[in-house]
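Down below is the structure, laid out as structure tokens.
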Amino acid sequence: MSSSAEAVVLTERRGAVALVTINRPGALNALNAAVLDGLEAACSDSALLAGAVALIVTGAGPKAFVAGADIAAMSQLDADGARAFAARGQAVFDKLAALPVPVIAAVNGFALGGGCELSLACDLVLAAPNAVFGQPEVKLGVVPGFGGTQRLVRRIGTMKAAELCFTGRNVKADEAVALGLALRVVPAEQTVLDAALALAAQIGAMGPVAVRLCKQAVNAATDADLRAGLLLERDLFALCFTTADQKEGMAAFLEKRAATFTGA
Ligand code: CO8
């Protein structure tokens with residue numbers, strides 16, 4: 022554990038997995054400036070990330086992943102302050118989304134507003150049975166500000182995103198999966214963190230270079246047009262053939278044995 026018990030963002034390694042825990046359970050892990058600072062620091066923490074196969078983000082306590090941006094802090098902002106706070110949150114979430122390894126959200130309760138937006142910045146989202154997603158900003162008289170309108174549209178489509186943003190309604194775990202906000206609901210007998218660690222281990226057994234290039238290509242698909250995306254995919258496919266992992270992966274298949282990847 023690299024952070025003190027009082028830190029609002031805790032970081033630790035669990036084997037080959039980097040774990041980041043938003044730690045303000047008394048405020049349902051609401052995002053204030055200190056949390057954004059801690060999250061950004063985690064994204065450039067070389068000791069945390071060295072050789073990691075994935076990064077997991079979760080929330081402390083039994084109730085919340087992140088219940089949004091801190092409403093008490095936001096209530097004090099003027100328009101310039103609001104623009105700066107939105108820009109700060111967007112920059113930190115961009116940094117998280119751009120990490121070279123897969124980022125998994127282990128959603129252990131409320132993921133509302135900025136919390137839903139945090140999950141949208143993650144590659145994969147697992148939901149505990151008590152997970153609740155939503156963009157309730159309209160109930161507060163504001164729009165989402167940490168990328169919600171843009172990433173939500175890209176993840177679940179324009180009309181579904183519009184309905185969630187227009188109504189601010191809460192979405193429970195099963196519906197979140199149906200909408201595409203989460204990959205699956207974790208069974209009650211397993212914690213969502215354990216499920217995320219198992220998913221990370223599954224990814225970690227694959228060729229590390231190929232996994233990173235897959236992330237790059239998949240993420241490019243949401244920004245690039247199809248032609249540019251296919252050109253990128255072609256280049257990355259060719260790049261794989263300069264790696265030891267490709268030679269090992271294909272040799273192992275042909276020799277009917279398990280591959281031993283080195284990430285080179
Ligand atoms: N900000 C600050 N404090 C919060 C937040 C929050 N988002 N959510 C919960 N808390 C605090 C509560 O005030 C309470 O504190 P205290 O015990 O000191 O009174 C504590 O957490 C526990 O919360 P509740 O007592 O309300 O717990 P309940 O189980 O009754 O309710 C809910 C849980 C339904 C999650 C409820 O807390 C709630 O509705 N929270 C607010 C959810 C919300 O509206 N989130 C969106 C915020 S807006 C946003 O995220 C915009 C992001 C982009 C910003 C762009 C910048 C300009």
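Numbering (the working numbering), first residue to last: 22 to 285.
Where is the CB? At the ideal position from N, CA and C, for every residue including glycine.
Keep in mind the model is a prediction, meaning the values are calculated, not measured.
{"Query": "Going by DSSP, name the residue or residues bridged to residue 77.", "Result": "40 and 125"}
{"Query": "Using a 10 Å radius around the Cβ and a threshold of 16 neighbouring Cβ atoms, would you call residue 178 buried or exposed?", "Result": "exposed"}
{"Query": "Ligand 1 and residue 157: does any heavy atom of the ligand fall closer than 7 Å to the residue's C-beta?", "Result": "yes"}
{"Query": "Have a look at the DSSP bridge pairing and note the partners of residue 32.", "Result": "41"}
{"Query": "Among 191, 120 and 144, which residue has its Cα nearest to the Cα of residue 160?", "Result": "191"}
{"Query": "Which same chain residues, not among the five before or five after residue 40, have their C-beta less than 6 Å away from its C-beta?", "Result": "33 and 77"}
{"Query": "Bridge partners of residue 154, per DSSP?", "Result": "132 and 192"}
{"Query": "Could you check if residue 309 belongs to the surroundings of ligand 1, using beta carbon to heavy atom distance under 7 Å?", "Result": "One cannot answer for residue 309 here, as it falls past the ends of the chain, which runs 22 to 285."}
{"Query": "Closer than 8 Å by C-beta to residue 110: which residues in its own chain qualify, once you throw out the five before and the five after it? Chain order, please.", "Result": "52, 57, 90, 135, 138, 166, 167 and 168"}
{"Query": "Please state if the CB of residue 149 and the CB of residue 194 are separated by a distance shorter than 8 Å.", "Result": "yes"}
{"Query": "Skipping 5 residues on each side, what residues in its chain have a beta carbon closer than 8 Å to that of residue 224?", "Result": "74, 75, 123 and 232"}
{"Query": "Ligand 3 and residue 86: does any heavy atom of the ligand fall closer than 7 Å to the residue's C-beta?", "Result": "This structure lacks ligand 3; its bound ligands are ligand 1."}
{"Query": "Given 7 Å as the limit, tell me if residue 58 has its C-beta closer than that to any heavy atom belonging to ligand 1.", "Result": "no"}
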